[in-house]
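Since the structure comes first, as structure tokens, the remarks are kept for the end.
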């Protein structure tokens with residue numbers, strides 16, 4: 147059965163669950179397509195991937211990653227710009243390597259992420275170091291490596307950078323991450339630009355901190371930074387934050403503090419099911435008039451929007467458990483593999499590997515909670531989904547390229563999933579599935 151892409155993506159009748167039109171959704175996702183009613187990632191069928199790598203398994207489309215990266219770069223081509231991929235979204239070396247080869251910079255939040263970038267061939271001179279908890283060792287490593295800039299999040303951090311730079315006899319390039327107190331209108335756990343968030347320096351104190359930074363002998367002021375949150379679907383919050391940053395740039399200039407770049411962070415949202423985020427092209431068009439007047443280099447730190455819809459999590463239905471009150475489909479992936487639904491109440495699409503026939507839909511469709519085998523009631527991947535299921539079916543959880551594997555764990559002593567990259571008709575294992583013995587190989591029995 148092929149569903150017309152002109153139909154809506156979702157439907158939900160009163161008292162019933164959410165029904166997702168898989169064909170209509172796939173038509174919106176560049177990495178995926180149904181061929182002869184069977185799901186493919188680029189030119190490789192899910193059947194082939196499951197045969198080679200089993201489930202659960204994360205699969206990423208190389209071409210989809212590059213497509214979004216180039217869309218960012220092309221959309222801001224009129225400006226001197228740098229696209230710094232936010233490593234926290236997906237830090238697999240293959241993903242980083244693809245982006246490094248394309249010329250991307252990187253936004254990191256730990257020394258570990260910096261090590262990954264270097265291992266993947268990234269250029270340290272295109273790395274910006276964000277994050278609220280940089281240690282003295284982190285700062286030293288970054289300075290010795292030769293990163294482009296620190297995004298400073300506090301006065302205390304500024305003093306730490308000065309101290310380490312003085313010890314090393316170097317100049318440390320910094321920008322100040324300013325918290326503009328702008329409501330991004332997103333989930334509170336991924337909102338970062340409000341005054342009660344832990345990130346950045348308050349807008350009201352920013353000029354004072356910049357003046358102090360200018361007095362420090364081993365600090366070079368390079369720019370100004372702002373990141374207000376994640377999964378933003380409208381441009382208005384970005385424009386509100388930009389207006390506040392522009393006020394500061396003017397005030398700093400009057401005080402003789404000249405900047406080289408403005409960093410607007412990341413946070414542009416993606417379509418998980420039926421969201422309608424602003425396109426990168428329209429996002430750029432809204433910002434360019436104000437940015438062009440600045441005559442500064444412009445940096446961005448996108449993460450989710452580059453990799454989310456380049457990836458899926460493949461999982462197999464192990465048990466079907468209909469009950470009087472709920473129908474549970476127990477799959478071999480769980481909250482340890484993908485924690486977003488449990489942590490953020492995130493709604494992610496789950497679509498079948500093979501489109502069911504009309505007769506199958508009529509006889510086997512129910513409303514299911516898709517859950518894992520972990521011993522927690524909070525272990526769910528989706529709730530109240532209308533699906534036609536049988537034991538052994540393969541399902542694809544879309545939008546899983548960002549904050550999927552990178553947030554996974556070994557809870558319940560579960561090995562983490564394999565990771566695979568696809569490019570056209572080729573596929574390659576980029577991280578093998580963990581073995582149970584590996585999980586406790588470094589532990590020791592008490593010998594006292």
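Residue numbers (our numbering): 147 to 594.
Virtual Cβ for every residue (Gly too), placed ideally from N, Cα, C.
A quick note: this is a predicted structure, and the numbers were derived from the prediction, not measured.
- Of the residues assessed, residue 275 falls on the buried side of the cut-off, its CB having 16 or more other CB atoms within 10 angstroms.
- Rounded to the nearest whole angstrom, the C-alpha separation of residue 438 and residue 398 is 18 angstroms.
- Under a 10 Å Cβ-count criterion, residue 412 is classified as buried, with 16 or more other Cβ atoms of the shown protein chains found around its own Cβ.
- Of all C-beta pairs linking the stretch 472–481 to the stretch 512–532, three or more are shorter than 8 angstroms, placing the two stretches in contact.
- With a 10 Å radius around the Cβ and a threshold of 16 neighbouring Cβ atoms, residue 281 comes out exposed.
- Close CB contacts of residue 256 within its chain, under the 8 angstroms cut and outside five residues either way in sequence, are with 277, 284 (chain order).
- Taking a contact to require three or more Cβ pairs closer than 8 angstroms, the stretch 228–246 and the stretch 571–585 qualify as touching.
- By a beta-carbon distance limit of 8 angstroms, residue 325 contacts residue 348. Their separation comes to about 6 angstroms.
- With respect to the 8 angstroms criterion, residue 188 and residue 565 are not classified as neighbours on the basis of their beta carbons.
- Within the model, the alpha-carbon separation for residue 350 versus residue 327 is close to 10 angstroms.
- The beta carbon of residue 379 sits closer than 7 angstroms to the beta carbons of 415, 421, 422, 423, 424 from its chain, once the five residues preceding and following it are set aside; these are given in chain order.
- Counted as a single uninterrupted DSSP element, the beta strand (DSSP E) harbouring residue 466 occupies residues 457–468.
- Just so you know, the alpha carbons of residue 527 and residue 481 end up roughly 7 angstroms apart.
- Residue range 301–314 is occupied by the alpha helix (DSSP H) that includes residue 306.
- Taking 8 angstroms as the cut-off, the beta carbon of residue 494 is found closer than this to the beta carbon of residue 418.
- Rounded to whole angstroms, residue 430 and residue 376 show a C-alpha spacing of 17 angstroms.
- One alpha carbon belongs to residue 317, the other to residue 214, and they sit about 35 angstroms apart.
- In this structure, 455 is the residue among 486, 441, 217, 455 with its C-alpha nearest to the C-alpha of residue 171.
- In the DSSP assignment, residue 506 falls within the alpha helix (DSSP H) that extends over 504–510.
- Judged by their CB atoms, residue 446 and residue 410 are nearer to each other than the 8 angstroms cut-off.
- Here residue 196 carries a helix assignment [DSSP, helix/strand/coil].
- As a beta-bridge residue in DSSP terms, residue 445 pairs with 228, 409.
- Counting of Cβ neighbours within 10 angstroms places residue 471 among the exposed residues, the total staying below 16.
- Here residue 433 is near residue 384, since their CB atoms are less than 8 angstroms apart.
- Secondary structure at residue 416: coil, using DSSP grouped into helix, strand and coil.
- Per DSSP, the beta bridge partners of residue 318 are 365.
- Judged by their CB atoms, residue 251 and residue 233 are not nearer to each other than the 8 angstroms cut-off.
- The beta-bridge partner set that DSSP reports for residue 191 consists of 186.
- Around the beta carbon of residue 258, fewer than 16 other beta carbons sit within 10 angstroms, so the residue counts as exposed.
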